[in-house]
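What follows is a single structure, written as structure tokens, with notes after it.
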Amino acid sequence: MAVWEALLELADDHLVLGHRISEWCGHAPMLEEDLAMPNMGLDLIGTARTLYDHAGKLEGKGRSEDDLAYLRDEREYRNCLLVERPNEDFAHTMLRQFYFAAFMRPYWLAALNSADATVRGVAGKAEKEMAYHIRHAGEWVIRLGDGTEESAARMRDAVEALHIYVDELFDSSDAARMAEAAGVLPVRADLRDTWERTVSEVFAEALLEQPKAAYAQRGGREGIHNEALGHLLAEMQVVHRAHPGARW
Amino acid sequence: MYSQGLIGADGRTEETPEFLARFQKRIDAEEKIEPKDEMPEGYRRTLIRQIGQHAHSEIVGMLPEGNWITRAPSLRRKAALLAKVQDEGGHGLYLYSAAETLGVSREEMTEELLSGKAKYSSIFNYPTLSWADMGTIGWLVDGAAIMNQIPLCRCSFGPYARAMIRVCKEESFHQRQGYEIVMTLAQGTPEQKAMAQDSLNRWWWPSLMMFGPHDADSQHSDQSMAWKIKRFTNDELRQKFIDATVPQAEYLGLTIPDPDLKWNEDKGGYDHGTIDWDEFWRVVKGHGPMAKDRIKARKKAWDDGAWVREAALAHAEKRRARKIAAE
Ligand SMILES: [Fe+2]
Ligand SMILES: [Fe+2]
Ligand SMILES: [Fe+2]
Chain Z
58 MAVWEALLEL ADDHLVLGHR ISEWCGHAPM LEEDLAMPNM GLDLIGTART
108 LYDHAGKLEG KGRSEDDLAY LRDEREYRNC LLVERPNEDF AHTMLRQFYF
158 AAFMRPYWLA ALNSADATVR GVAGKAEKEM AYHIRHAGEW VIRLGDGTEE
208 SAARMRDAVE ALHIYVDELF DSSDAARMAE AAGVLPVRAD LRDTWERTVS
258 EVFAEALLEQ PKAAYAQRGG REGIHNEALG HLLAEMQVVH RAHPGARW
Chain V
26 MYSQGLIGAD GRTEETPEFL ARFQKRIDAE EKIEPKDEMP EGYRRTLIRQ
76 IGQHAHSEIV GMLPEGNWIT RAPSLRRKAA LLAKVQDEGG HGLYLYSAAE
126 TLGVSREEMT EELLSGKAKY SSIFNYPTLS WADMGTIGWL VDGAAIMNQI
176 PLCRCSFGPY ARAMIRVCKE ESFHQRQGYE IVMTLAQGTP EQKAMAQDSL
226 NRWWWPSLMM FGPHDADSQH SDQSMAWKIK RFTNDELRQK FIDATVPQAE
276 YLGLTIPDPD LKWNEDKGGY DHGTIDWDEF WRVVKGHGPM AKDRIKARKK
326 AWDDGAWVRE AALAHAEKRR ARKIAAE
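This is the structure we're talking about:
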């Protein structure tokens, strides 16, 4: 276990979610969202790239961002389960984005004091991006929760489907604990209250109940994923892997 | 602009000869026509159609490239492609706004696109079959679009001209980025180089078709020229495009799939082989290989999104009602 592996987990979260949201590009419910979702995807992929690059350097085996993104299988991916969940519909997509950003915003704010200069750099940029994601996705949670009967029902379905993946956000793997102890990354469990507050404010306006998970799903940090991730990676990696060693 | 889909100006008009002469005088003096100015009905209709078709082309154009975002072979390319496709959506948005100044709504235009009544550039009805197509489209398709659009920056209609200035900057960035993708492939492994050549083979002729029929066969361009909506003929623009592109292909070591292509010293430009006009008209008339899929994808996005748009309206309405109740 090493600090770079905690950075890899974080990078995987961002890449997988960025990839997921980019799947909407050209197919959004309205043109404004065809612009907003790629924006969010670009933020996430940008963060992933810096983190992969840094993780690769700390590992010291010469692996590049693309080696890490394109040449690991699903068992080696370390993202949490929430981010790999399929888009389903716009309600699921916006709730997933909101849950994740509500966690990452305080995370990056805390990481502004990281002992690692690269992490501090990422945090300075990402904290602002996550504030925007909270606002944008949060407003959609409210609009859909409060909108029509159909949208409210879809929003409730999304909450029902995704709330079981929330607890895993607050877990720290052994690698993460090491990074936390070294002052490189914030302690995940400490962010629970802030997350709850962000979510409950939006849910109140969205007329949504915040359920307690009867059983929280976990496993992403050990590479135990849902089946959806393998398909995402197969698609993402196909061209890169078909041409070993090629430059793009 | 994607001129080939939009065949022509609409000269029908109710106006008096004096009014038309006055209008033409403003045009000839290179004055910009603004949305609130009086204008011949035909001028308005022509612009609505042309700007609408241009906007639809940007939006439908998101699909062929969007097809490769999830498979881009490096993270740098993935981010760049996502940003490019997003830019095209942004172009669609400015253009819809420019058309709206002429009194047509984005909803109406969207419905015309989905019903098949409105056209868009048929270049987007060809399939993207390899990563190399992401390079070739930027290089050739954005390149051809720029040739068409640079003169539109001086279009007589102010909002369109201004939209084009911003759009052209981004299109030329796309063109350079596309060329750089093709260059990386052309200098890469034998498989990558073959991928680049195959892509050029498939996109070259459709790109030439983007400029529309030969001048002799193009019915309505005189009125558009007189109104300074259009400033160069189809053949003039096609020639500029070929002359700019041939040396770029040579530099890459790729072969343009036209055995008749050769430099003509007298005209100071390249002569090219015969364009397959049967294919051109077939694709313009809606029989392009991906035509049905493109409209189906746009329609699905629109229909699947209906509940989202309704919810947004319903929420805005409730919020307004609550605010009034609180006052
Ligand atoms: Fe364009
Ligand atoms: Fe464009
Ligand atoms: Fe473009």
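Protein chains in written order, with the numbering used here: chain Z, 58 to 305; chain V, 26 to 352.
Glycine included, every Cβ here is placed at the ideal spot set by N, Cα and C.
Secondary-structure assignment with DSSP links V/N289 through a beta bridge to V/G294.
Interface annotation, Z/W61: not in contact with chain V, CB-CB separation never under 8 Å. If you draw a 10 Å sphere on the C-beta of Z/H297, you find 16 or more other C-beta atoms in it, and that means buried. By the rule that beta-carbons nearer than 8 Å mark a contact, V/R96 touches chain Z.
When C-alpha distances from Z/V140 are compared across Z/L286, Z/A299 and Z/L65, the shortest belongs to Z/L286. Contacts with chain V at 8 Å (Cβ-Cβ) do not include Z/H149. Taken from the Cβ of V/E113, at least one heavy atom of ligand 2 lies inside 7 Å. The DSSP assignment places complete alpha helix (DSSP H) segments of no fewer than 4 residues inside the stretch 248 to 301 of chain Z at 249 to 263 and 285 to 299, in order along the chain. Secondary structure within the stretch 115 to 170 of chain Z: the alpha helix (DSSP H) runs of 4 or more consecutive residues, fully enclosed, are 122 to 127, 138 to 141 and 147 to 168 (chain order). For V/Q111, the C-beta contacts it makes with chain Z under 8 Å involve C82, D91, L92, P95, N96 and L99, in order along the chain.
Not one heavy atom of ligand 2 lies closer than 7 Å to the C-beta of V/V110. With the criterion set as a beta carbon lying under 9 Å from some beta carbon of chain Z, the members of the stretch 318 to 344 of chain V are A322, R323, K325, A326, W327, D329, G330, A331, W332, V333, R334, E335, A336, A337, L338, A339, H340, A341, K343 and R344, in sequence order. Against chain Z, a Cβ distance below 8 Å from V/A108 picks out P95 and L99. Here Z/Y156 is near Z/V223, since their CB atoms are less than 8 Å apart. For V/H239, the shortest separation between its Cβ and any heavy atom of ligand 2 does not lie below 7 Å. Only residues of its own chain outside the window of five on either side were considered, and among them E83, G86 and M87 have a CB closer than 6 Å to the CB of V/E113, listed in chain order. Considering only Z/G103, Z/L125, Z/K185 and Z/E217, the residue with the shortest C-alpha distance to Z/A112 is Z/L125. In this structure, the CA atom of Z/N144 is about 8 Å from the CA atom of Z/E80. At a cut-off of 8 Å between C-beta atoms, Z/R129 does not count as an interface residue with respect to chain V. Around V/G117, the same chain offers A80, E83 and I84 as residues with beta carbons nearer than 6 Å, after the five sequence neighbours per side are excluded. Chain-order list of chain V residues neighbouring Z/M293: T95, R96, A97 and K103, by C-beta distance under 9 Å.
Cα atoms of Z/E266 and V/M134: separation of roughly 40 Å, rounded to the nearest angstrom. Only residues of its own chain outside the window of five on either side were considered, and among them I94 have a CB closer than 7 Å to the CB of V/L107, listed in chain order. Exclusion of the five residues before and after Z/L101 leaves H71, L74 and G75 as the residues of its chain whose Cβ lies within less than 6 Å of its Cβ. Around the CB of V/E352, fewer than 16 other CB atoms lie within 10 Å, so the residue is classed as exposed. Close partners of Z/I221 in chain V (Cβ separation under 7 Å) are lacking, with about 24 Å as the shortest Cβ gap.
Taking the CA atoms as reference points, V/R69 sits about 7 Å from V/L127. Relative to ligand 2, the nearest heavy atom lies less than 7 Å away from the CB of V/H116.
Nearest to V/I281 by C-alpha distance, out of V/K255, V/K324 and V/A221, is V/A221.
Residue-level contact check: V/L100 touches chain Z, since one or more beta carbons of chain Z fall below 8 Å from its beta carbon. If you check the C-beta of V/D167 against ligand 3, you find a heavy atom less than 7 Å away. Just measuring C-alpha positions, the residue of Z/L128, Z/R132 and Z/D146 sitting nearest V/D329 is Z/D146. V/S140 counts as exposed, since fewer than 16 other beta carbons sit within 10 angstroms of its beta carbon.
Boundaries of the alpha helix (DSSP H) harbouring V/M208: G183 to A211, taken from the DSSP string. For V/I300, no alpha helix (DSSP H) segment is defined, and its DSSP state is neither H nor E. One finds C82, G83 and D91 in chain Z with Cβ atoms closer than 8 Å to the Cβ of V/M87, taken in chain order.
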